[in-house]
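Please read the structure below before turning to the comments.
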Amino acid sequence: MTNAEIAKLLRHVAAAYIIKDESKYHFQVVAYQKAADAIENSTSEVKDLAHENRLESLPGVGPSIRGYLEELVKNNSVEHFNKVLSNVPEAMFPLLDIPSFGPKKAFKLVNYFELGDKKTVIEDVKKLALKGEIAKLDGFGDKSQADMLQAIGEFELGVNKTSRMVLPFASEIADKLIEYLEKSSDVKKVFPLGSLRRKKETIGDVDVAVATNKPKEVLDYFVSYPLKERILEKGDATASILISGGKHIDLMVQPPEAFGSLLQHFTGSKEHNIKLREYALKKGLSLSEYGIKRKEKDDKLEQYDDEVKFYHALGLDWIPPEIRENQGEIELAASHKLPKLLELKDIKGDFHLHSSFPIEPSHDMGVDTMETMIEKAHSLGYDYLGFSEHNPSQSKHTAKQVYEILKKRSNKIEQLNKSNKSIRVISLLETDIMPNGDLAIDNSSLDLLDATLVSIHSVFSMSKVEMTKRVIKGLSHPKARILTHPTGRLLNQRPGYELDWREIFAFCKSEKKILEINAFPSRLDLSDSLVKQAIDHGIKLVINTDSHAVDQMSLMRYGVDVARRGWATRDDILNAQEYNTMIKWLLP
DNA sequence: GCCGTTTTCGGCCCGACTGTTTTCAGTCG
């Protein structure tokens, strides 16, 4: 079972408890929903966590739910869940996938109209609504019946199922909207928040906050955004619109004097905010987007125009948005022990660059010359770079021909280093790891290089055990120093292959091998959570752009975002080091 | 059912918005 399926199952259990007796089971409901959230957000599979005995590392998973999850992984079913679920009609569950349908509404409909078939229940509800039957029910009316049809219609079109956007795509949507909002003189400040501010690799909804003294005017202006398809809701402090492609944009407004608390609230994550409010509550403080209420002062509201002051008022250091995920950051902020996260300006080089040098590669070539890329590196303030074109194709060349091509390239790089003193050029390559674990070129050719990056570009469909063996064998070659795009995933396109990370981490640690964070926006692997695990294992990382064109060298910031979300400091990152330190790590 | 800088027992985040209602229930983030 996938994490998404498991999370859904837990939500169904929570829904069943709500129907059974909401007040009696209120805290079980909350607990199951919290656990479902954690599993949905986890980038480790529950299956793997269970095998590694790490299920309780998920916040919200305690002894009971851990036990049930272990049972689920082992038997594919859980006795306790089945018992709870057997008390409610199963036909209500498909309705819960439709936005605006919750357990109460779904149960009421299924129960009253005696809908028994979970395969047809959505169609059945639609027919009843079209006949006007639902509006007659207690607690329903014409408007809610019409809304229901709208929701079902959009659900069937897949409007709400659209995949999450990669970060640059969401940024573009936000930038356009912000440009529009800034044209209004009532808008004092405007910021993209939510997962966009936390720099998550993919973004669901676009969240934007505005500081204004005229909330009504700003909200009116917002909902008349030209790219709007439909207004989802609009109140005194928030509004939501739908734009084409089924993307939601949420806007929140506050006066400038409360903007700090609004930033904090709307940046999230939900898990961070819940934990933060629980933490504050123990100190007699109640937090909201409006500010802080102190029990000892009769719940008088204190406003904060600035987010730093808001955190300080709780006795906490300001927490960078990228790590607000309830991973222990609140405790560390309280003891003033938060790590100093890596910054873009710390980056001094890039080791994954595909130039247009005619290397006759096995995969795609770069489009810009080495000289152009060096010039760009200079303008980015780098001290060094490494060229790492794909190895010459094996099928089209003899070993001797491969050697000759690489010999020419070595000479070229030697020349570049002589003529260009400001940027040091390292001679690298991106060499394929073949299915049997051998590298794609022979030792005499590899000896021409300072070192090589290695990666998987073919035969992805191997078992986890086989793939782990393959990667470790490839990485074992003394010239192999960096494993590039270590999971092979393409966001929204393919999931990547599976590796036994505990084995990979142990190997990299003992053999001093380096893992790449690939900054290309559709890759971004290692993922944030694997970065954190790698760092906990004491492994060094490198952030590379994998540029095939000179403009792509500016994508470095997306890799830095991932590193920050994985709690990386400057000390963890190879290409954030001075040349002399870097070269000792890279070529030990 | 989870969790610990007041606790291994006794608490449990905080609010917005909509529709159907005359003060609230349900859903969402």
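If you use the numbering used here, the first sequence corresponds to residues 1046 to 1633, in order.
From the three backbone atoms N, C-alpha and C, an ideal C-beta is built for every residue, glycine too.
Taking 8 Å as the cut-off, does the CB of residue i come closer than this to any heavy atom belonging to the ligand FMN?
i, result
"Thr1047", "The ligand FMN is not among the ligands present in this structure, which contains no ligands whatsoever."
Under three-state DSSP, which class holds residue i?
i, result
"Arg1539", "strand"
"Gln1299", "strand"
"Asp1477", "strand"
"Met1210", "strand"
"Ala1496", "coil"
"Gly1394", "strand"
"Ala1525", "strand"
"Glu1369", "Note that residue 1369 corresponds to Arg in the displayed sequence, not to Glu. DSSP places Arg1369 in coil when its eight states are reduced to three."
"Phe1185", "coil"
"Gly1313", "coil"
"Thr1513", "helix"
"Tyr1225", "helix"
"Ser1333", "strand"
"Thr1088", "coil"
"Glu1406", "The displayed chain sequence assigns Pro, not Glu, to residue 1406. Strand, per DSSP."
"Gly1305", "helix"
"His1435", "strand"
"Leu1544", "coil"
"Glu1178", "coil"
"Leu1359", "coil"
"Ile1618", "strand"
"Lys1259", "coil"
"Glu1274", "strand"
"Leu1386", "strand"
"Leu1140", "helix"
"Leu1484", "strand"
Could you tell me which of the options sits nearest to residue i, measuring between CA atoms?
i, options, result
"Thr1017", "Leu1222, Ile1584, Ser1131, Tyr1077", "Since the displayed the chain opens at 1046 and closes at 1633, residue 1017 lies outside it and no answer follows."
"Pro1108", "Ser1122, Ser1229, Ala1076", "Ala1076"
"Phe1311", "Val1251, Leu1277, Asp1344, Ser1145", "Val1251"
"Asp1634", "Ala1196, Gly1177, Gln1195", "No answer is possible for residue 1634: the residues shown for the chain start at 1046 and end at 1633."
"His1502", "Pro1523, Asp1477, Val1510", "Asp1477"
"Ser1508", "Tyr1542, Asn1488, Leu1491", "Tyr1542"
"Gly1360", "Val1123, Leu1387, Arg1369, Lys1327", "Lys1327"
"Arg1469", "Phe1432, Tyr1225, Ile1179", "Phe1432"
"Ser1216", "Asn1465, Lys1629, Pro1566", "Pro1566"
"Asp1409", "Glu1434, Phe1126, Ala1219", "Glu1434"
"Leu1055", "Arg1526, Asn1098, Val1447, Val1123", "Val1123"
"Leu1226", "Glu1201, Leu1330, Pro1271, Phe1200", "Pro1271"
"Thr1414", "Leu1632, Asp1231, Val1595", "Val1595"
"Lys1393", "Gln1460, Glu1367, Lys1421", "Lys1421"
"Asp1281", "Arg1275, Glu1274, Ser1289, Phe1267", "Phe1267"
"Ile1628", "Arg1539, Glu1561, Arg1526", "Arg1526"
"Ile1562", "Arg1534, Ile1450, Asp1545, Leu1154", "Arg1534"
"Pro1148", "Phe1185, Ile1063, Tyr1070, Ala1219", "Ile1063"
"Asn1620", "Trp1612, Met1601, Gly1611", "Met1601"
In chain order, what residues of the same chain have a beta carbon less than 8 Å from the beta carbon of residue i, not counting five sequence neighbours either side?
i, result
"Phe1138", "His1057, Ala1060, Ala1151, Lys1163"
"Pro1213", "Pro1566, Tyr1603"
"Asn1258", "Asp1231, Lys1233, Pro1300, Pro1301"
"His1593", "His1399, Asp1409, Met1410, Gly1411, Val1412"
"Met1598", "Asp1395, Leu1398, Met1418, Lys1421, Ala1422, Leu1425, Thr1590, Ser1592"
Please work out which residues of its chain come closer than 6 Å, Cβ to Cβ, to residue i, disregarding the five sequence neighbours upstream and downstream, and give them in chain order.
i, result
"Met1193", "Ala1174"
"Ile1223", "Val1235"
"Glu1352", "Gly1305, Leu1308, Gln1309"
"Val1447", "Pro1437, Ile1486, Ser1490"
Return the Cβ separation of residue i and residue j in integer angstroms, given the expectation that the two are a contact with Cβ distance under 8 Å.
i, j, result
"Thr1529", "Ala1564", "Not quite, the Cβ-Cβ distance comes to about 11 Å (not below 8 Å), so this is no contact."
"Val1211", "Thr1247", "6 Å"
"Gly1112", "Ala1080", "Between Ala1080 and Gly1112 the Cβ distance is about 12 Å, and since that is not below 8 Å, they are no contact."
"Ile1337", "Ala1358", "6 Å"
"Arg1454", "Phe1396", "Contact flag wrong, Cβ pair sits at about 16 Å."
"Ile1517", "Phe1552", "5 Å"
"Val1607", "Asp1581", "Actually they do not touch by this definition, with Cβ atoms about 16 Å apart."
"Leu1498", "Pro1531", "Between Pro1531 and Leu1498 the Cβ distance is about 11 Å, and since that is not below 8 Å, they are no contact."
"Val1118", "Ala1095", "4 Å"
Report the partner residues of residue i according to the DSSP bridge assignment.
i, result
"Ser1606", "In the sequence as presented, Ser is not what sits at residue 1606; that position holds Asp. Answer is none; Asp1606 lacks a bridge partner."
"Phe1236", "Ala1254"
"Ile1562", "Ile1588"
"Ala1284", "Lys1279, Leu1296"
"Ile1248", "Met1210"
"Ile1471", "Gly1431"
"Arg1339", "Leu1330, Lys1345"
If I measure Cβ to Cβ from residue i and keep anything under 7 Å in the same chain, skipping five residues before and after, which residues do I get?
i, result
"Gly1249", "Arg1209, Ser1240"
"Leu1332", "Leu1321, Arg1322, Ala1325"
"Leu1632", "Asp1495, Ala1496"
"Arg1369", "Arg1243, Thr1312, Gly1313, Ser1314, His1317"
"Lys1452", "Leu1493"
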